[in-house]
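Chemist: For the sequence shown, my numbering gives the first residue as 22, with consecutive numbering after it. Handing you a structure now.
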Amino acid sequence: MGSLLFTKFVVVISMLLVSVRAGCPFTATYGFGDSSSVVDHLASAFHLPSPKPYLQKDKAYGVNFDAPEATALNSSFFETREIKQSSSNNTLDGQLEQFMTYLDTICSTHHGCVKKLKHAVFLVGEFGANDYSNALFQGKHLEEVDYYVTPVVKSIKDAVKNLIKAGAVNLVVPGILPLGCLPSYLTMFHHDDPMSYDSKKCLRSFNTFAMLHNDHLQQALADLRVEYPHVQIVYASYYKAFTALLHNHDLLGFEKGSLTKACCGTGGLYNFDATKMCGGEGVPVCSNPTKYVHWDGNHLTEEAYILMVEGFISGNFVYPKLKLRDQRLCIM
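In structure tokens:
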């Protein structure tokens, strides 16, 4: 099925690390996830070059530790439930391990790492969407997947704690999108009962599930704020940001008829076919992607991601607001 969300923006891990130099609040980005695009958009917002992939040598402006279809949970969780994964290595733990290894190359002592990281911002997430889609798209019932939320959120919470122990003091942790609004979900779980859909033509049950995850995550972050009062831990609501795109589609330039359709895809009510995915032979792309919210049924368009990033940077859909020492932008 491919990675669920954000090959083009938010990434399933996406840990953004932004370093600070004199006179410039952000000078490097370090991204972890199933895509680099979220880091690219955020770096661009602060007039920084995109960070380089982990295996490349030039890391002056940051590093990407992203991996396709990354999950919050390790492969053993899925194996015991007979859920297939495209790769057993694309996990939150695996990418954290890479980051810690990289950290050893830029600071030789814990004190030195703490000194470097105190002027950095981490974007940890979003996590969970791929874990859930792996199960749901392989026939697991939503009632069963409800029980995955606790271990998924625990994995995220543990990752945040490990980053704090490494020296991170500014962290942004996003929730997941309203899954019931994605063309892939709308296609695979199409229902004849109109009451299964909300006013935005999204599947109620999967949006309710997404809110369950987000509620648990927010409670976990609240607990961490009590445990680490000196650390700034911000929750970013991708759910509310995306809902705002739908609600304000006219103002933002999105076509009403495209709000549940993929720009790149073919077939059915939602222009999505799991057997004919975007990038495959003969699969068309819409003439104007800026008019669409959804790119390929699983991911959003660049335009949608950019607008969401702008909202977060402006202080919308985040709690509490991220406090920075210097709000000036650095022109490179």
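Glycine residues also receive a C-beta, built at the ideal position from the N, C-alpha and C atoms. Note that the structure is predicted; figures quoted are calculated from it, not measured.
For L233 versus D179, is the C-beta distance shorter than 8 angstroms?
Modeler: Against a cut-off of 8 angstroms, the Cβ pair of D179 and L233 comes out as no contact.
Chemist: Closest to P1 by CA distance: which of L245, D152 and G188 is it?
Modeler: In the structure as shown, the chain starts at 22 and stops at 353, and residue 1 therefore has no counterpart that could be examined.
Chemist: Please go through the same chain and pick out, in chain order, the residues whose beta-carbon is closer than 8 angstroms to the beta-carbon of F333, but skip the five residues on each side of it.
Modeler: These residues qualify, in order along the chain: V193, A257, A262 and V339.
Chemist: Within 10 angstroms of the Cβ of A241, are there 16 or more other Cβ atoms? Answer buried if so, exposed if not.
Modeler: The residue in question, A241, is buried, as its Cβ has 16 or more Cβ neighbours within 10 Å.
Chemist: Using 10 angstroms around the beta-carbon of T126, count the other beta-carbons present and answer buried if the total reaches 16, otherwise exposed.
Modeler: T126 should be labelled exposed.
Chemist: For the segment 299 to 316 against the segment 216 to 232, are there 3 or more C-beta pairs whose distance is under 8 angstroms?
Modeler: At 8 angstroms Cβ cutoff, the stretches do not touch.
Chemist: Using CA atoms only, rank isn't needed, just tell me which of V306, F120, A141 and P204 is closest to S154.
Modeler: When each option's Cα is compared against that of S154, the closest is P204.
Chemist: Taking only three categories from DSSP, how would you classify Q253?
Modeler: Looking at Q253 - three-state DSSP - the assignment turns out to be strand.
Chemist: Is there contact here, the segment 225 to 232 with the segment 302 to 314, by at least three beta-carbon pairs under 8 angstroms?
Modeler: No, because fewer than three Cβ pairs between the segment 225 to 232 and the segment 302 to 314 fall closer than 8 angstroms, the two stretches do not touch.
Chemist: Which residues in the same chain as N191 place their Cβ atom closer than 6 angstroms to its Cβ, once the five residues preceding and following it in sequence are excluded?
Modeler: Result list for N191: V142 and Q253, in chain order.
Chemist: If you check the beta carbons only, do H251 and V170 fall under 8 angstroms apart?
Modeler: No, these two residues do not count as a Cβ contact at 8 angstroms.
Chemist: Excluding the 5 residues flanking G336 on each side, which residues of the same chain have their C-beta closer than 6 angstroms to its C-beta?
Modeler: Same-chain partners within the cutoff: K342.
Chemist: Excluding five sequence neighbours on each side, which residues of the same chain lie with their C-beta closer than 7 angstroms to the C-beta of N183?
Modeler: The residues are L117.
Chemist: Could you check where the beta strand (DSSP E) with V194 kicks off and where it finishes?
Modeler: Where V194 is concerned, the enclosing beta strand (DSSP E) stretches over N191 to P195.
Chemist: Can you check which of these residues, F230, E323, S97 and L207, is closest to N292 by C-alpha distance?
Modeler: Looking at the Cα atoms, L207 is the closest of the given residues.
Chemist: Is the separation between the beta-carbon of I197 and that of E147 shorter than 8 angstroms?
Modeler: In this structure, E147 lies closer than 8 angstroms to I197 by Cβ.
Chemist: Here's the rule: buried if 16 or more other CB atoms are within 10 angstroms of the residue's CB, otherwise exposed. What is P305?
Modeler: Exposed: under 16 other Cβ atoms inside 10 Å.
Chemist: By the 10 Å Cβ neighbour count, where 16 or more other Cβ atoms means buried, how is L272 classified, buried or exposed?
Modeler: L272 is exposed by the Cβ-count criterion.
Chemist: Have a look at F230 and I327 and give me their C-alpha separation to the nearest angstrom.
Modeler: Cα to Cα, F230 sits roughly 26 angstroms from I327.
Chemist: Using 8 angstroms for Cβ pairs, my map puts T112 next to S97. What's the rounded Cβ distance?
Modeler: With a Cβ gap of about 10 angstroms, T112 and S97 do not count as contacting.
Chemist: Going by DSSP, what residue range makes up the alpha helix (DSSP H) through N228?
Modeler: Taken as a continuous stretch (DSSP letters only), the alpha helix (DSSP H) holding N228 covers R225 to E248.
Chemist: If you count every other CB in all the chains shown that lies within 10 Å of the CB of D317, and 16 or more means buried, which is it?
Modeler: Per the 10 Å Cβ criterion, buried.
Chemist: Considering only residues of the same chain and omitting the five flanking positions on each side of K277, which have a CB-CB separation below 8 angstroms?
Modeler: Hits under 8 angstroms: H270 and D271.
Chemist: What is the DSSP secondary structure of A283, reduced to helix, strand or coil?
Modeler: Correct three-state label for A283: strand.
Chemist: Spell out the partners DSSP gives H315 in its beta bridges.
Modeler: The partner list for H315 (beta bridge, DSSP) reads A283 and L321.
Chemist: Could you check the C-alpha separation between L321 and G149 for me, to the nearest Å?
Modeler: Taking the straight line from one Cα to the other gives about 17 angstroms.
Chemist: Relative to the C-alpha of L245, which residue among V174, S217 and G160 is closest?
Modeler: Nearest C-alpha to L245: V174.
Chemist: Shortest alpha-carbon distance to T287 belongs to which of S217, P195, V255 and G303?
Modeler: That would be G303, whose Cα lies nearest to the Cα of T287.
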